[in-house]
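Undergrad: So the protein lines, in turn, are chains A and B. Quick note: the working numbering has the first sequence finishing at residue 383, numbered continuously throughout. Quick note: the working numbering has the second sequence finishing at residue 383, numbered continuously throughout.
Number of protein chains: 2
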Amino acid sequence: MTDVIIAPLDQLEARTFAGLQNAGADEVSAGAAIRAMLHASRLGIDSHGVRLTPHYARVLRSGRVNPTPKMQIRRTAIGSAVLDADNGLGHAAGYAAMELACSLAKEAGVGAVGVINSSHFGAAGAYALAGAEAGCIAVSMSNTDSIVGLHGGAERFHGTNPVAVGAPVPDQKPWLLDMATSSIPFNRVLLYKTLGRTLPAGVAADQSGQPTQDPALVEMLMPLGGIDFGFKGAALAGMVTLFSAILTGSTLDHELIRMAETHDFETPRRMGHFCLAVDPGQFLGRALYDEAISRYLAALRTSAAREGQTVMAPGDREWAVEVERQRSGIPVDQETAQFLGLIP
Amino acid sequence: MTDVIIAPLDQLEARTFAGLQNAGADEVSAGAAIRAMLHASRLGIDSHGVRLTPHYARVLRSGRVNPTPKMQIRRTAIGSAVLDADNGLGHAAGYAAMELACSLAKEAGVGAVGVINSSHFGAAGAYALAGAEAGCIAVSMSNTDSIVGLHGGAERFHGTNPVAVGAPVPDQKPWLLDMATSSIPFNRVLLYKTLGRTLPAGVAADQSGQPTQDPALVEMLMPLGGIDFGFKGAALAGMVTLFSAILTGSTLDHELIRMAETHDFETPRRMGHFCLAVDPGQFLGRALYDEAISRYLAALRTSAAREGQTVMAPGDREWAVEVERQRSGIPVDQETAQFLGLIP
Chain A
40 MTDVIIAPLD QLEARTFAGL QNAGADEVSA GAAIRAMLHA SRLGIDSHGV RLTPHYARVL
100 RSGRVNPTPK MQIRRTAIGS AVLDADNGLG HAAGYAAMEL ACSLAKEAGV GAVGVINSSH
160 FGAAGAYALA GAEAGCIAVS MSNTDSIVGL HGGAERFHGT NPVAVGAPVP DQKPWLLDMA
220 TSSIPFNRVL LYKTLGRTLP AGVAADQSGQ PTQDPALVEM LMPLGGIDFG FKGAALAGMV
280 TLFSAILTGS TLDHELIRMA ETHDFETPRR MGHFCLAVDP GQFLGRALYD EAISRYLAAL
340 RTSAAREGQT VMAPGDREWA VEVERQRSGI PVDQETAQFL GLIP
Chain B
40 MTDVIIAPLD QLEARTFAGL QNAGADEVSA GAAIRAMLHA SRLGIDSHGV RLTPHYARVL
100 RSGRVNPTPK MQIRRTAIGS AVLDADNGLG HAAGYAAMEL ACSLAKEAGV GAVGVINSSH
160 FGAAGAYALA GAEAGCIAVS MSNTDSIVGL HGGAERFHGT NPVAVGAPVP DQKPWLLDMA
220 TSSIPFNRVL LYKTLGRTLP AGVAADQSGQ PTQDPALVEM LMPLGGIDFG FKGAALAGMV
280 TLFSAILTGS TLDHELIRMA ETHDFETPRR MGHFCLAVDP GQFLGRALYD EAISRYLAAL
340 RTSAAREGQT VMAPGDREWA VEVERQRSGI PVDQETAQFL GLIP
């Protein structure tokens, strides 16, 4: 692992914002991107944190991403809408789509928004969290470029296709799930290769599709569920493609221009995303919901753990990292630190 | 494995219907239950097939399940509703909730229905399939009684909590996912114990929460993702509880009277379910959706497979079983065959 420097949150916020603005991003686009990246950096999801700033600056300059998009919303029914992101940064689209889904849900009980003509989504959990903070049970997802084989497959087919769900909890941080439908992200393979470490079983395969634990031989990831039960992870990845790309007539995983492993940084990627919001106040009432989720989480957190283990609700690990990082700062890799002018 | 007899589909349909009617079930309840059970039996999901008939007959007679329920629908907003199942069989509630969700979706773009005061859901995929056949992308889920430990947990917490998704495909059977959020169902543990077989790694744990492959030592299942990545399966199980029980103010997994492993067959279990439908005609139009899902499935089914393997879309394996079983009949275990009068 390369050396990291630790940056205070406010300094990082200012520098990433400036980095995107210098690349031409308007205030809304840059503001949404740093909100989503700092969400990830604060919660310890460093793969989707501030390290993406140089990448976003590059694609803003090269033409793939429109730095000054005019997003357009078309309400297709009382509970549904399509948001055209005008090839801007995916974060602005993600936050706008979730805000819209929540406002549709307040009116219709449930709201669904498909996003078209978008780009990299960032951390899906950022939008699910925003929906939960607005009082909804919120789901966000996006398909991504192919890197995961099918169950029994011998080539990359689905992306890591994240799905995120957030739910409000009275007087506490939301319940927050943000998961890839592969067991691990591809950058963990690269990290293990650098460190000379062996991968866990059933997370990656070689070019013939045979499972391998040697990071140097990895051609593709395997879906969640591994060697025996990867058909479940593959189906979940397909579900994400179904809602994000098929419902929205957007680009399928295997048709997407690769995020980084490509020479084409000029053509817009036409990515689709999907946001869903349910207003718990419009089912059995908010009071009953609040009581139920509090009771559920209390039971979960006091459920017996195996010796040496801790049981946690989705998000609990991340909220603990956030407390720590808000105090001590955010680790930034050298390349990103240089780009942001944090080191010479 | 006990000996099985092979029964023709139409005979089985008549006998299961009569079995439930003899136990007092009205026509709607019995009709929905046999529709869901035969869905499962035809598609090879035998755990949720006709073998449940004696169980349902028992709980219809003992008071747990109301044989003549008066279901009530309360429309809570333009896209949302609550269906009170009046403690009847869960299948009637499941089909009615999905039908309602689809009709809400035709009006509002998306529809969400919470079910309260219900009982065992049967195969979740039965309702997702019904939604897909009605032209919607359809999601159905239900929490169930505790049998799966948390990630790192040492006691049963979540149920196997199935989630099912169906999506229409032009001129083909729907895309159909129906999965438990554990790797295996508990009855596979019992089967392996009978057969003296060793379980796969990371699917079950002993009473201290330690993973075990010996079926005789199993106290609980482990969530999908196994020893290393079970936090994902546990979170998915929690998502099912969130939508099915917490949103609907229904009974949490660990509070549910057990389905069979109990002396109480009198008290209604007050189970909750959740159905969601999205109308693809109200996003980018049905033509674009139809083209996209056909293109996606063609690409999936021709994606390279590992030597000796086949790649399949969710449902493909089940549709093949259905073709075979419609020709050759449905395997029925001896106890069920006796109950149905198929053997003396």
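For every residue, glycine included, the Cβ atom is placed at its ideal position computed from N, Cα and C. Model, not experiment: these values are computed from the prediction.
If S221/B sits next to L260/B, beta carbons under 8 Å apart, how far is it from one beta carbon to the other, in whole angstroms?
TA: 4 Å
Undergrad: Please give the ranges of any beta strand (DSSP E) in the segment 150–204 of chain B, keeping only runs that are unbroken, at least 3 residues long and fully inside the region.
TA: Runs of beta strand (DSSP E) with 3 or more residues, each lying fully within the segment 150–204 of chain B, are found at 176–181, 195–197, listed in chain order.
Undergrad: Is the separation between the beta-carbon of G311/A and that of A276/A shorter than 8 Å?
TA: no
Undergrad: Using a Cβ-Cβ distance cut-off of 8 Å, determine whether M40/B contacts chain A.
TA: Because M40/B sits at a pLDDT of 47, beneath the cut-off of 50, its placement in the model cannot be relied upon, and the point is left open.
Undergrad: How about the segment 140–150 of chain A and the segment 305–323 of chain A: do they share at least three Cβ pairs that are nearer than 8 Å?
TA: yes
Undergrad: Nearest CA to the CA of D123/B: which residue from A255/B, V154/B, R366/B, R90/B?
TA: V154/B
Undergrad: Tell me whether M40/A is buried or exposed, calling it buried when 16 or more other Cβ atoms sit within 10 Å of its Cβ.
TA: Unreliable placement is indicated for M40/A, whose pLDDT of 47 sits below 50; no coordinate value is reported for it.
Undergrad: I'd like to know whether the C-beta of H312/B is nearer than 8 Å to at least one C-beta of chain A.
TA: no
Undergrad: What do you get for N61/B, buried or exposed, if any count of 16 or more other CB atoms within 10 angstroms of its CB means buried?
TA: exposed
Undergrad: Name, going along the chain, the residues of the segment 196–218 of chain B whose beta-carbon falls closer than 8 Å to a beta-carbon of chain A.
TA: F196, V204, A206, W214, L216, M218
Undergrad: If you follow the beta strand (DSSP E) that F270/B is part of, which residue opens it and which one closes it?
TA: F270/B -> not in any beta strand (DSSP E); alpha helix (DSSP H) instead, spanning 265–280.
Undergrad: Which chain A residues are close to H293/B, counting only those with a beta carbon under 7 Å from its beta carbon?
TA: A338
Undergrad: Compare the Cα-Cα distances from V98/A to each of A72/A, G161/A, F304/A and report the closest residue.
TA: F304/A
Undergrad: Short check: CB of L4/B to CB of P213/B, under 8 Å?
TA: Nothing in the structure corresponds to residue 4/B, since chain B is present only between 40 and 383.
Undergrad: For the beta strand (DSSP E) that contains D217/B, what are its first and last residues?
TA: Its beta strand (DSSP E) spans residues 211–218.
Undergrad: Could you tell me the boundaries of the beta strand (DSSP E) in which M298/B lies?
TA: No beta strand (DSSP E) holds M298/B; DSSP gives it neither H nor E.
Undergrad: Among F225/B, F196/B, E300/B, which residue has its Cα nearest to the Cα of T341/A?
TA: F196/B
Undergrad: Between I44/A, G164/A, G102/A, T183/A, which lies nearest to R297/A when the distance is taken from Cα to Cα?
TA: T183/A
Undergrad: Start and end of the alpha helix (DSSP H) containing M76/A?
TA: 66–82
Undergrad: For M278/A, go through chain B and note every residue whose CB falls closer than 7 Å to its CB, in chain order.
TA: V204, L216
Undergrad: Tell me, to the nearest whole angstrom, how far the beta carbon of I369/A is from that of V121/A; I am working on the premise that it is less than 8 Å.
TA: Going by Cβ atoms, the distance from I369/A to V121/A rounds to 35 Å, so no, they are not a contact pair.
Undergrad: Just the chain A side, please: which residues come within less than 7 Å of P383/B by C-beta, in chain order?
TA: Those within 7 Å of P383/B in chain A number zero; the least Cβ separation is about 40 Å.
Undergrad: Check whether chain A comes within 8 Å of V350/B, counting only Cβ atoms and requiring the distance to be less than that.
TA: yes
Undergrad: Closer than 8 Å by beta-carbon distance: list the chain A residues that pair up with E194/B, in chain order.
TA: S342, A343
Undergrad: Bridge partners of Q111/A, per DSSP?
TA: D123/A
Undergrad: What residue range does the alpha helix (DSSP H) around M137/A cover?
TA: 129–147
Undergrad: Report the rounded CA-to-CA distance for L286/A versus A331/B, giving the unit in angstroms.
TA: Between L286/A and A331/B, the C-alpha separation is close to 8 Å.
Undergrad: Mapping DSSP to helix, strand and coil, what is A62/A?
TA: coil
Undergrad: Rounding to the nearest angstrom, what Cα-Cα distance links E363/A and V67/A in this structure?
TA: 29 Å
Undergrad: Can you name, in chain order, every residue of its own chain whose Cβ lies under 7 Å from the Cβ of V468/B, other than the five neighbours on each side?
TA: With chain B covering only 40 through 383, there is no way to say anything about residue 468/B.
Undergrad: Report, in whole angstroms, the separation of the C-beta atoms of I176/A and A206/A, which I expect to be a contact under 8 Å.
TA: 5 Å
Undergrad: Could you give the C-beta distance for K344/B and G191/A, rounded to a whole number, given that I count them as a contact under 8 Å?
TA: Checking the displayed sequence, the identity of residue 344/B turns out to be Ala instead of Lys. Confirmed, Cβ separation roughly 6 Å.
Undergrad: Classify D292/A: buried if its beta carbon has 16 or more other beta carbons within 10 angstroms, exposed otherwise.
TA: buried
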